[in-house]
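Numbers -20 to -1, 1 to 201, taken from mature numbering (1 follows the signal peptide of the UniProt record, and there is no 0), label the letters of the sequence shown in order.
Encoded as structure tokens, the structure appears first; notes follow it.
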Amino acid sequence: MKSLFLSLALSVATISASQAQTETHTRGKYTLTFVNQDPQLNPTVKQKLIDAFFQTYPAEAKRFNKNAVKAVTVTIDTAYTGVAYAHDGKITISSQWLHKRPTDIDVITHEGMHLVQAYPPDSGPGWLTEGIADYVRHTFGVDNAGANWSLPALTDKHHYDNSYRITARFLVWAEKNTNKKLVNELDARMRNKTYTPEAWKELTGKTLEELWQAYKANPAI
């Protein structure tokens, strides 16, 4: 029975792959290969993803990493049950997610930043990696409002290492109130494997914990 299920799963995956539609787009220095395994994907959603990539990815690379990969493959995956992930020049987005949340176009903005980050293993804390990516989504996103996506107001349950939007909001505040190049510097240190907890003190004059306490006292952004 287990073998039967495995065979069926492989068959479904093979069918999905054989039905995939691949198209390539080049704008300026950047090339996007778009692989769509889902024939039911809304064409408008597909076009919005393509347009959002070309609007945000070059801007992310220009600000944070001019050596970021120039050729990117985006796959709309019918088998993947998460939301999205990115690695080694490739972005995978769940077709199930796009059917559920067709307005979440800026998922590609967040994942594109992961390709720009290109952090090596053990470069720093995961919460900062994801916080920077959501900071970038907040900064460069094409339609966060349409996806009902925003940075959450601070609550007593929040902490800087909660990652994603919570960390992103803290980064927005810290950059505004301490060092206008803070996120750029943190990103560069993560990519160069020179990040240490002492970086916050060096860049802002306050330790990470001191910054968090100041943020809690006056969290307006």
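Just so it is clear, CB atoms sit at the ideal spot from N, CA and C, and this is done for glycine as well.
On a predicted model such as this, the values are computed, not experimentally measured, just so you know.
Straight-line measurement puts the Cα of S143 at about 15 Å from the Cα of W153.
Unbroken beta strand (DSSP E) stretches of 3 residues or longer found wholly inside the region 38 to 95: 51 to 57, 64 to 67 and 70 to 74, given in chain order. L21 carries a coil assignment under DSSP once its states are collapsed to helix, strand and coil.
Under the DSSP definition of a beta bridge, L108 lacks any partner.
Rounded to the nearest whole angstrom, the CA to CA distance from I56 to S74 is 6 Å. Distance from T89 to G121 at the Cβ level is roughly 5 Å; contact confirmed, criterion being Cβ atoms closer than 8 Å. Three or more Cβ pairs closer than 8 Å define a contact, and the region 95 to 104 falls short of that threshold against the region 12 to 28.
In the three-state scheme derived from DSSP, where H, G and I count as helix and E and B as strand, V163 is classed as helix.
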